[in-house]
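Following: one structure in structure tokens, then a few remarks.
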Amino acid sequence: MPIAPDPSEIFHRAAKEGERRLDQSLLELISTGFIAGFTIVFGLAALGIVHSVVEPRAGDVAKLPGSLAFGLALVMLVVGRSELFNENFFDPVATAIERDDSWLIGPLLRLWSVTFALNLVGGALMVLVLSVPGALPSGTGEALVTVAEEIVHREPRGVFADAIAGGALVALLSHLLAAVDGVGGRIAVAYIVGILLALGPFDHVIVTVLHVFFGMRFGADIGVGALGTTTVVVTAGNVIGGLGLVTFSHIAQVEGARSSDD
Numbered sequence: 001m002p003i004a005p006d007p008s009e010i011f012h013r014a015a016k017e018g019e020r021r022l023d024q025s026l027l028e029l030i031s032t033g034f035i036a037g038f039t040i041v042f043g044l045a046a047l048g049i050v051h052s053v054v055e056p057r058a059g060d061v062a063k064l065p066g067s068l069a070f071g072l073a074l075v076m077l078v079v080g081r082s083e084l085f086n087e088n089f090f091d092p093v094a095t096a097i098e099r100d101d102s103w104l105i106g107p108l109l110r111l112w113s114v115t116f117a118l119n120l121v122g123g124a125l126m127v128l129v130l131s132v133p134g135a136l137p138s139g140t141g142e143a144l145v146t147v148a149e150e151i152v153h154r155e156p157r158g159v160f161a162d163a164i165a166g167g168a169l170v171a172l173l174s175h176l177l178a179a180v181d182g183v184g185g186r187i188a189v190a191y192i193v194g195i196l197l198a199l200g201p202f203d204h205v206i207v208t209v210l211h212v213f214f215g216m217r218f219g220a221d222i223g224v225g226a227l228g229t230t231t232v233v234v235t236a237g238n239v240i241g242g243l244g245l246v247t248f249s250h251i252a253q254v255e256g257a258r259s260s261d262d
């Protein structure tokens, strides 16, 4: 059985991947961010379809098969190397840490801001397509409305806490992908993270905002102000969880190992 790479090797692999991500042309970055956005919507649609079919017969148990369906979206993202906000925290920061001449603040902000915007644009356009009457099976819209209203009507503290967990989980995906070899391992890790993300549910800003927008398109009683507040709260939580809990913790782990070697 292969031995898992040590933290330093994982960090080095992540830094190489981060260099690729930071060196993308603007057109490539826009394209990969756009693709990731509409890929997430396929997962949300699958979740809604499965939930609408299972929930009348199984009640709350429908959450599990719905999460299993959503997990496929993360698999498509990882296999296709699309650029998802928050999932691209660990690798580029590892690149910045390994470089002695620059913290790469400009390239990092470019990567994250373009990805954030294009994830939402690509996803919103696909939501508009799939919310056309008759595009999705009967009952799917009602299922999406129910979840969307539950999201925005929660206590802000609860949303923020779930967003910290969601940011940590999605950023952890990058670290785990650098720790496995082969497409099969990448698929398995991505699928597990996708299931956990939906099962929690742990809020990820792109998934959450697009889910709420989907619900609004089907008639959810949600205003633009509530959508904006949710976006701000979840984004803040994702940054704290993704950068603070995961990325900087693994950097400290590697730096600690290097110090002990010296």
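Everything in the sequence shown is counted per UniProt numbering, starting at 1 for the first residue and increasing by one. Where a beta carbon is used, it is the ideal one built from N, C-alpha and C, also for glycine. This structure is a prediction, so every number in the text was calculated from the model and none was measured.
Non-local C-beta neighbours of A94 in its own chain, meaning closer than 7 Å and more than five positions away in sequence, comprise F11, A14, A15, G18, ordered along the chain. Between G184 and N238, the gap from beta carbon to beta carbon reaches 8 Å or more. For F116, the enclosing alpha helix (DSSP H) begins and ends at 105-130. Counted as a single uninterrupted DSSP element, the alpha helix (DSSP H) harbouring R13 occupies residues 7-22. A161 and L26 have their C-alpha atoms roughly 33 Å apart. Straight through space, the alpha carbons of Q24 and E142 are spaced by roughly 40 Å.
Membership of F89 in any alpha helix (DSSP H) is not indicated, and neither H nor E is assigned to it by DSSP.
Shown here, R186 sits in a helix according to DSSP, grouped into three states. Residue A45 holds the alpha-carbon nearest to the alpha-carbon of A148 among P92, A45, A168. Taking the CA atoms as reference points, V121 sits about 12 Å from I40. Boundaries cannot be given for F85, as no alpha helix (DSSP H) includes it and DSSP labels it neither H nor E. By the CB criterion at 8 Å, H204 and N86 fall inside the cutoff.
Nearest Cα to G37 within the set I192, T115, G71, P5: T115.
Secondary structure note for R217: its alpha helix (DSSP H) is the uninterrupted segment 205-217. Taken through DSSP and simplified to helix, strand or coil, A179 comes out as helix. When secondary structure is reduced to three states using DSSP, E55 falls in the helix class.
Secondary structure note for E149: its alpha helix (DSSP H) is the uninterrupted segment 140-152.
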